[in-house]
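With the UniProt record's numbering, letter number 129 in the sequence shown gets 129, and the count goes up by one each step, no holes.
For every residue, glycine included, the Cβ atom is placed at its ideal position computed from N, Cα and C.
Small disclaimer: the values here were computed from a predicted structure and weren't measured.
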Amino acid sequence: MVKTKAPSKKKQQKRGVDFKKIRRKIGRKLPPPQNATNTEIKSKAIILPEQSIASEKAGLAVSKKGLTLKELLQQTSHHNVKVRKDALIGIRDILLKFPAELKLHKLAVIEKLRERISDDDKLVREALYQLLKSVIFPGCKEDSKGPINSLMMTYIFNAMTHMAIEVRLMAFKFFDLLIQYFPSSFLLYAEKILQNYEDILQKNKFYLQDKGRLKNALAGLVRCLSLLPCSNQEEGDSLSYNDATRASLHAFDLDRSNKSTDVICFAGLSGVVNKLTDLLPVLVSCFQDFSPLIHSMAHLDAQSFDCMLFLLQSIDLVVRFFGHASGKNQDDFQNLSSAYQKNSPSIHGQSISAVTLKKLWDEFPLSPVHCLSEKDGDRYFMLNVVITEIFLQLSYGSELSPALLERFLEFIESSLSEKIFNGKEAGKVHHEKHLIPLVAFIPKIIMQVSDAWKSRILQAFTTVFQNCNPESPMKLACLTAVEEMLLPEQNLEIFDDQITWIRELPNLLVLLGDKHPLHSKAVLRLQLRVGQAANLNSPLAKEYDNMQYIQQQQYTECDPTSGVWNKQYIIQDFYCTHLNGTVNYGPFMRLPRDIQELSVCCLYYFSFLDKVLLQSLASCCICHVLEPFILSRIIEVFHSAYKAGHIQIADYISFFITLLSRFQVYPEKIYPTEKHEGKSNRGTFKSVVRAVCSCLSQIGDDVLVLQMLEKIVLDEISHKRPVDNMYGFIRLLITLDSKPTRLSEQTINRLSEVLPEYFLDVVNNIPEEDEESTKLLIQQTRHYYLLPCFFLFERSNTLLNQILKVMESLIRRNVSSLLPHHKGALGKDQSSRILSIVSVLLLMHGDLKMQKLLMPCKTEIRNILESMHTLESSEDIMMTIEERHQIRTNVHQLSGETAGRLWQFDEQNSVCCKK
């Protein structure tokens with residue numbers, strides 16, 4: 001029997017295992033347990049129409065990244081620096097692309113952006129500064145400034161007291177930007193601003209290491225202090241501010257205050273004065289901290305120079321402010337010698353420490369031991385100039401320390417005369433733009449220094465005045481200084497210099513031309529001042545008269561090759577010159593009206609006006625470019641000069657006759673002005689005629705004046721002149737004549753030959769028109785030109801009879817039989833002459849006075865009518881049917897007008913005979 005196999009070990013082992021061990025590979029995800037709950041949720045997407053972000057922003061202003069202005073403003077407060085910076089850049093893009101957004105949300109934008117003024121990141125602050133500078137402030141400049149000031153200043157003040165020094169300095173830069181666009185910001189918060197400047201400069205000497213940021217802060221301080229009134233500001237130069245601040249600011253302005261008292265009211269600004277008093281020694285101390293750099297550095301770097309310059313300019317502005325507030329508007333300023341004696345000179349309750357300012361004098365002149373480069377020399381010179389200005393603001397006295405005074409005077413002289421100062425060659429150190437501030441003090445200096453120094457300073461000043469470019473700012477400054485130095489002629493110490501200065505004026509006027517009106521105005525103002533100050537027959541008056549003639553010592557135009565000044569000018573060249581029959585108008589014709597009027601006023605003070613100058617001015621007067629106002633001013637000044645004995649009567653009459661004869665009225669045809677697109681100067685000529693008649697009628701007795709002018713006027717009338725010029729002379733003749741006429745028989749005979757042609761010219765140049773709207777205007781214009789002749793007829797019946805006889809003879813004669821002087825209007829064909837004569841006679845009958853004057857002339861009128869009938873019915877004369885019809889119509893019209901007048905005249909005569 002087969003034995004059964006025993007069970008294996010494996011089977012026995014399986015029976016005893018509870019859990020099967022599963023080997024799994026590393027990194028493979030385990031399956032979820034069998035009892036795990038399935039939490040998976042399956043759903044379909046829900047799509048709602050018109051709910052996308054793009055559709056929500058449709059029509060709104062968005063940046064390049066699709067963000068609106070509101071979203072970008074919110075991002076400016078983001079914790080991430082890059083997000084804040086990008087938000088500011090995005091705001092800039094939106095406001096540039098959509099300017100209307102700034103107008104709509106201006107205050108909201110500023111209110112949000114101001115939070116970044118104290119931002120911890122430098123790039124964010126700089127991005128905000130550029131945004132305000134380039135977009136926001138320029139866009140808000142025209143709007144109300146009050147809300148912007150209040151919104152910005154609160155956060156700027158917070159930044160000025162920030163723990164981080166870089167944030168504090170940047171705050172001053174923001175404030176500088178704010179006052180550039182809104183200057184009233186400083187005047188509203190002046191005390192607090194000055195206190196912050198004092199704190200930032202006083203706490204520590206960080207600025208010696210961080211000069212770049214200090215420079216920005218000091219630039220803002222200079223801008224603030226320049227808003228205060230100072231001694232060299234004209235009224236109205238200070239920047240705009242509100243009425244309340246303006247009232248308080250000018251409470252101590254002598255120009256607005258009561259000049260009967262020396263007490264100046266500091267109402268509302270006493271705190272500002274106290275802050276400036278405290279700030280001054282701080283500024284001087286800061287400048288002294290930079291002084292060691294001058295001796296330790298081989299070259300003065302740009303940042304150090306800028307800081308030192310701004311510090312000196314701030315000191316200068318503070319000193320000017322106190323000088324203006326002190327009310328010292330006298331010739332001599334407060335003497336600084338009292339400062340050394342009393343140690344603290346009082347300026348109306350405020351003080352400038354003499355010891356503090358003495359620190360500046362001890363530093364002067366700034367000059368390092370190292371050799372100067374051209375750029376360094378220029379920088380040191382500019383610093384020395386500002387220190388000199390500060391000194392000159394306080395004193396010109398001779399009681400100062402002689403050594404100190406000598407140093408300043410030596411620097412001034414050497415600077416003006418371009419000498420080497422203090423043994424140092426500085427290249428372009430003596431640029432004119434740096435010397436201009438010193439020139440303004442020259443008039444006061446020469447009144448205070450000794451005679452020796454006075455001569456040296458004047459010589460240096462005259463050299464600058466003669467050598468500088470005519471259109472340069474230095475020339476303008478010199479002219480202003482010369483005007484102040486026109487002292488009484490008894491002061492012989494500067495008389496020679498005055499003569500030299502006066503001889504430069506005609507040259508300057510011509511060389512300046514019309515491109516530099518400000519300089520030309522200064523020259524003419526100085527010329528007027530000379531004329532007003534010069535006594536009659538004095539050397540100064542003679543030198544003034546010599547402006548009309550070439551001066552041998554006068555030099556004007558430099559030859560670039562030889563360097564010799566060879567061109568000479570006289571005052572005539574400024575107005576007009578005549579060369580070979582050609583008229584060349586000078587700068588006078590192209591300058592603005594106020595400068596032209598100023599130059600005309602200068603003419604009155606010539607004790608004798610030369611004929612050449614009168615001819616030049618007459619040419620200007622007849623030029624159509626000259627404004628009517630200036631033309632009338634010339635006539636007015638000339639009349640005043642004649643009454644003062646500055647013009648001879650022959651030259652005076654010749655000037656006005658030239659105006660009447662050569663003045664060209666445009667347009668040439670005498671149509672109504674409305675028919676011309678361009679302007680007409682006929683109204684100007686009418687004003688000239690009235691002015692000439694008025695002036696010539698006042699030069700003496702009418703009888704004597706008529707005797708002088710009768711032949712002159714008659715000769716001018718006898719020439720072939722345009723209608724307007726003829727009218728002017730006839731008007732002058734009746735102005736000088738009287739009733740009955742004082743004209744000689746020869747004059748009446750000559751007028752009877754000339755006036756008919758004038759009548760026909762008037763009618764031919766103003767032809768009849770069919771439009772009813774223009775008929776009345778044409779009739780009035782014709783009557784205007786014939787009216788002076790009617791006055792002559794009223795004064796002389798003989799003249800009227802002769803005129804009518806000449807008209808009757810013109811109808812009978814052929815053109816070939818006319819006299820030479822009748823050629824022209826009288827030389828037309830007979831039909832035209834007849835029509836013109838009829839028009840003239842109708843105009844005469846339309847005037848009430850002429851109707852009475854024509855009644856005794858019935859014979860002459862009947863002869864004219866008979867001649868017209870004969871001519872019209874004659875077959876020997878070649879005329880068209882239309883011409884004969886027109887003549888017949890006009891003759892019938894004239895016959896109807898004259899028949900009634902003659903019948904009335906016969907009736908009146910018969911009544912008189914019966915009586």
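Could you tell me which residues DSSP pairs with residue 576 in its beta bridges? 585
When the Cα of residue 201 is compared with those of 218, 547, 316 and 189, which residue comes out closest? 218
Would you tell me roughly how many angstroms separate the C-alpha atoms of residue 541 and residue 526, rounded to the nearest one? 14 angstroms
In terms of residues, what are the limits of the alpha helix (DSSP H) holding residue 444? 442-448
Are the region 730-738 and the region 789-803 touching by the rule of at least three beta carbon pairs closer than 8 angstroms? yes
Looking at the structure shown, is residue 705 part of a helix, part of a strand, or coil, going by DSSP? helix
By Cβ distance below 7 angstroms, which residues in the same chain neighbour residue 330 in space, the five residues on each side in sequence not counted? Residue placement at residue 330 cannot be trusted, given a pLDDT of 37 that sits under 50; what the coordinates show is reported in the next sentence. No residues qualify anywhere along the chain.
Can you tell me whether residue 848 is buried or exposed? The criterion is at least 16 other CB atoms within 10 Å of its CB, across all chains shown. exposed
How about residue 273 and residue 198: are their beta carbons less than 8 angstroms apart? no
By Cβ distance below 7 angstroms, which residues in the same chain neighbour residue 364 in space, the five residues on each side in sequence not counted? 384, 387 and 407
Is the closest heavy atom of the ligand FMN to the C-beta of residue 222 under 7 angstroms? Ligands are entirely absent from the displayed structure, and the ligand FMN is therefore not among its contents.
With distance defined between alpha-carbon atoms, name the residue in 485, 476, 606 and 509 nearest to residue 535. 606
Considering residue 217, what are the terminal residues of the alpha helix (DSSP H) in which it resides? 211-225
Can you name, in chain order, every residue of its own chain whose Cβ lies under 6 angstroms from the Cβ of residue 170, other than the five neighbours on each side? 125
Quick one: what does DSSP say residue 68 is sitting in, helix, strand or coil? strand
Look up residue 62 in the DSSP assignment and say whether it is helix, strand or coil. strand
Beta-carbon spacing of residue 666, residue 616 below 8 angstroms: no
Ordered along the chain, which non-local residues of its own chain (more than five positions away) have a Cβ less than 6 angstroms from that of residue 663? 622 and 685
Run the CB neighbour count on residue 681, radius 10 Å, all protein chains shown included, and call it buried at 16 or more, exposed below. buried
Does residue 666 come out as helix, strand or coil in the three-state DSSP assignment? coil
Within 8 angstroms, strictly: CB atoms of residue 158 and residue 188: no
Same chain, Cβ closer than 6 angstroms to residue 642, neighbours up to 5 away in sequence not counted: 652
Alpha carbon to alpha carbon, what distance is there between residue 679 and residue 497? 50 angstroms
Going by DSSP, what residue range makes up the alpha helix (DSSP H) through residue 110? 106-113
Thinking residue 520 and residue 591 are a contact (beta carbons under 8 angstroms), I'd like their distance in whole angstroms, please. 6 angstroms
Alpha helix (DSSP H) segment containing residue 130, residue limits: 122-131
In angstroms, rounded to a whole number, what distance separates the CA positions of residue 716 and residue 479? 46 angstroms
Out of 742, 846 and 737, state which residue places its alpha-carbon closest to the alpha-carbon of residue 779. 846
Three-state class that DSSP yields for residue 506 in the structure shown: helix
Can you give me the start and stop residues for the alpha helix (DSSP H) that residue 693 sits inside? 682-696
Residue 895, DSSP secondary structure in three states: helix
Measuring only the C-alpha atoms, how far is residue 112 from residue 74? 8 angstroms
Close beta carbons around residue 299, own chain, < 7 angstroms, minus the five adjacent residues each side: 373 and 376
Answer with yes or no whether the minimum CB distance from residue 764 to chain C is below 8 angstroms. Structure shown: chain C not included; a single protein chain is present.
Does residue 783 come out as helix, strand or coil in the three-state DSSP assignment? helix
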